[in-house]
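Novice: Before we start, here is the structure in question, set down as structure tokens.
Okay, here's the thing in structure tokens:
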């Protein structure tokens, strides 16, 4: 039978690639962690690590165990959070997965207001693309997350939060600045600065490129919003953001697409486990602090593309 403490030590070694560093992180003696790895390998009858250039690398079998260990340890963390919040709301944790754009420009004042209302609760934000957040919610690795409403599967419940326009973003010298719109074909032929795969910003561009039958010209790829802004500001490329992202940037300009595109985003959580009191408090807070301007049933599957 695998012990939880063995999985924690094994996962730490897998992440660090080094037993000494893993032991230090876990506040354990290095020989104890070494012994744990040996016990695991003996009990399972497999080799978990190969040593290459002074670093431990997972074998194929070790990688399989690591994937299981991550899911088990994430589930245990969620269980601990739930139990900590059962007594009262003077302690406990709210963990929420949030995409970069929303984490930087929409959620900070809401999270601070929630913290002010519940000072005993801690808030942990996991920054990830909407697809990664969706996968973690469905696998039980996250309790709360922000996803596209149109992507909400039956195993998740959700609270509509925000509808925001995706716009092309250019600098002050770009010819399209000040124009009423830009066509998608014209946008895709420009050199683009984009997020990596897994973020709705990139999925949007890829979907539009597929629909148009064009191959986007991607010159810069990064998940750092300030870097993408700087690239556009210097005229090396253009990009697309939610309109809110550049509202305080006087040298960046939003241009609607010929067919305006809107994203509907919601706060989602799994149906297959009870919400902790901390999570319930956060959902109730969001209902009043960030009411959706155009309420609609979550069962309605919106297209990412809608005409004004």
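In the UniProt record's numbering, the protein residues as written are 1 to 308. Heads up, the beta-carbon is just placed ideally off N, CA and C, and yes, glycines get one too. The structure displayed is predicted, hence computed values, not measured ones.
#1: Near residue 243, what residues of its chain come up, given a Cβ to Cβ distance below 7 Å and the 5 sequence neighbours on each side ignored?
#2: Taking 6 Å as the limit between beta carbons, can you name the residues of its chain near residue 74, skipping five residues before and five after?
#3: Let me confirm a value: residue 44 is counted as buried when at least 16 other C-beta atoms fall within 10 Å, else exposed. Which label applies?
#4: Our contact map puts residue 223 next to residue 262 with C-beta atoms below 8 Å; I'd like the distance itself, whole angstroms only.
#5: Do you know whose CA, among 114, 177, 126, lies nearest residue 101's CA?
#6: If I follow the unbroken alpha helix (DSSP H) through residue 21, where does it start and stop?
#7: If I measure Cβ to Cβ from residue 220 and keep anything under 6 Å in the same chain, skipping five residues before and after, which residues do I get?
#8: If you follow the alpha helix (DSSP H) that residue 109 is in, where does it begin and where does it stop?
#9: Quick one: using the 10 Å Cβ neighbour count with 16 as the cut-off for buried, is residue 296 buried or exposed?
#10: Only counting the same chain, and skipping five residues up and downstream in sequence, which positions put a Cβ closer than 7 Å to that of residue 289?
#11: Under a Cβ-count criterion, where at least 16 other Cβ atoms within 10 Å of its own Cβ denotes burial, should residue 161 be classed as buried or exposed?
#12: Taking the Cβ atom as the reference point for each residue, do residue 98 and residue 146 lie within a distance shorter than 7 Å?
#13: Out of curiosity, what's the CA-to-CA distance linking residue 29 and residue 22?
#14: Residue 59 to residue 26, Cα distance in whole Å?
#15: State yes or no: is the C-beta of residue 170 within less than 7 Å of the C-beta of residue 246?
Specialist: With the given structure in hand:
#1: The residue given as residue 243 occupies position 243 in the chain shown. 164, 165, 167, 254.
#2: Walking along the chain shown from the start, residue 74 turns up at place 74. Excluding residues within five positions, the ones whose Cβ falls inside 6 Å are 141.
#3: Reading the chain shown from its first residue, position 44 is the one you call residue 44. Residue burial is scored here from C-beta neighbours: residue 44 has fewer than 16 other C-beta atoms within 10 angstroms and is therefore classed as exposed.
#4: Here residue 223 refers to the residue found at position 223 when the chain shown is read from its first residue. Here residue 262 refers to the residue found at position 262 when the chain shown is read from its first residue. Actually they are not in contact, since the Cβ atoms of residue 223 and residue 262 sit about 22 Å apart, beyond 8 Å.
#5: Numbered from its first residue, the chain shown carries residue 101 at position 101. Closest by alpha carbon: 126.
#6: Position 21 of the chain shown, counted from the first residue, corresponds to residue 21. 19-26 is the extent of the alpha helix (DSSP H) around residue 21.
#7: Position 220 of the chain shown holds residue 220. Correct list, in chain order: 193, 231, 237.
#8: Numbered from 1 along the chain shown, position 109 holds the residue referred to as residue 109. That run of the alpha helix (DSSP H) goes 108-117.
#9: Here residue 296 refers to the residue found at position 296 of the chain shown. No answer about residue 296 holds up, because its pLDDT of 35 lies below 50 and its placement is not dependable.
#10: Taking the chain shown and counting its residues from 1, one reaches residue 289 at position 289. Closer than 7 Å at Cβ, skipping near neighbours: 110, 113.
#11: Sequence index remark: in the chain shown, residue 161 carries index 161 (1-based). Note on residue 161: 16 or more other CB atoms within 10 angstroms of its CB, so buried under the neighbour-count rule.
#12: Looking up residue 98 in the chain shown gives position 98. Looking up residue 146 in the chain shown gives position 146. Result yes, Cβ atoms of residue 98 and residue 146 sit closer than 7 Å.
#13: As a first step, residue 29 must be located in the chain shown, where it is residue number 29. As a first step, residue 22 must be located in the chain shown, where it is residue number 22. Near 10 Å, if we compare the C-alpha coordinates of residue 22 and residue 29.
#14: Residue mapping note: residue 59 aligns to position 59 of the chain shown, counting from 1. Residue mapping note: residue 26 aligns to position 26 of the chain shown, counting from 1. Approximately 23 Å, taken between the alpha carbons.
#15: Translated into positions along the chain shown, residue 170 becomes position 170. Translated into positions along the chain shown, residue 246 becomes position 246. No, the Cβ-Cβ distance between residue 170 and residue 246 is not below 7 Å.
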